[in-house]
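Residue numbers (our numbering): 51 to 180.
Please read the structure below before turning to the comments.
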């Protein structure tokens with residue numbers, strides 16, 4: 051479910067029922083992760099592969115629905131601080147570097163910042179290490 055891809059999510063296909071089913075199929079896995087308690091994310095080994103898929107979903111501007119990216123950003127913000135610092139901050143720096151010329155990079159900056167906000171909301175000052 052995490053690896054499903056489709057063509058372009060920015061333009062509708064014209065069939066609203068198919069779009070709704072596609073959105074639900076893409077959104078369901080990250081909604082299940084969002085429903086988990088915060089301490090389920092504390093064990094780095096248990097979220098080892100999950101964080102890669104969630105990060106890919108949240109940064110996939112062209113091929114993912116905005117609702118899916120938003121929930122994936124929220125879920126990524128619940129990851130342990132070392133994963134956030136190792137994965138999210140470099141993605142934020144890369145997106146920031148290209149944001150002046152690329153709308154996709156600007157959207158990635160917003161996505162990363164939303165994830166940082168979610169990290170602070172869920173973990174407080176412990177969201178980021180010293």
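We put the beta carbon where it would ideally sit given N, CA and C, even for glycine.
Remember, it's a predicted structure, so these values are computed and weren't measured experimentally.
Using the Cα positions of residue 168 and residue 177, report the straight-line distance between them to the nearest angstrom. So the alpha carbons of these two residues sit roughly 9 angstroms apart.
With 16 other Cβ atoms within 10 Å as the buried cut-off, status of residue 148: Burial is judged here by how many other beta carbons sit within 10 angstroms of a residue's own beta carbon; residue 148 has fewer than 16 and is exposed.
At the level of alpha carbons, what is the spacing between residue 79 and residue 135? Between residue 79 and residue 135, the C-alpha separation is close to 24 angstroms.
C-alpha distance - residue 97 paired with residue 126, whole-angstrom precision: Answer to the nearest angstrom: the Cα atoms are 10 angstroms apart.
C-beta atoms of residue 75 and residue 112 nearer than 8 angstroms: Not a contact, by the Cβ cut-off of 8 angstroms.
Presumed contact (8 angstroms Cβ cut-off) between residue 83 and residue 172, rounded CB distance: 13 angstroms between Cβ atoms; not a contact.
If I'm right that residue 69 touches residue 130 with Cβ under 8 angstroms, what's the distance once you round it to whole angstroms? Residue 69 to residue 130, Cβ: 35 angstroms. No contact.
Using the Cα positions of residue 94 and residue 72, report the straight-line distance between them to the nearest angstrom. Cα to Cα, residue 94 sits roughly 30 angstroms from residue 72.
N- and C-terminal bounds of the alpha helix (DSSP H) containing residue 73: Start and end: 66-85.
Give the secondary structure of residue 127 by DSSP, where H, G and I count as helix, E and B as strand, and everything else as coil. When secondary structure is reduced to three states using DSSP, residue 127 falls in the coil class, being assigned neither helix nor strand.
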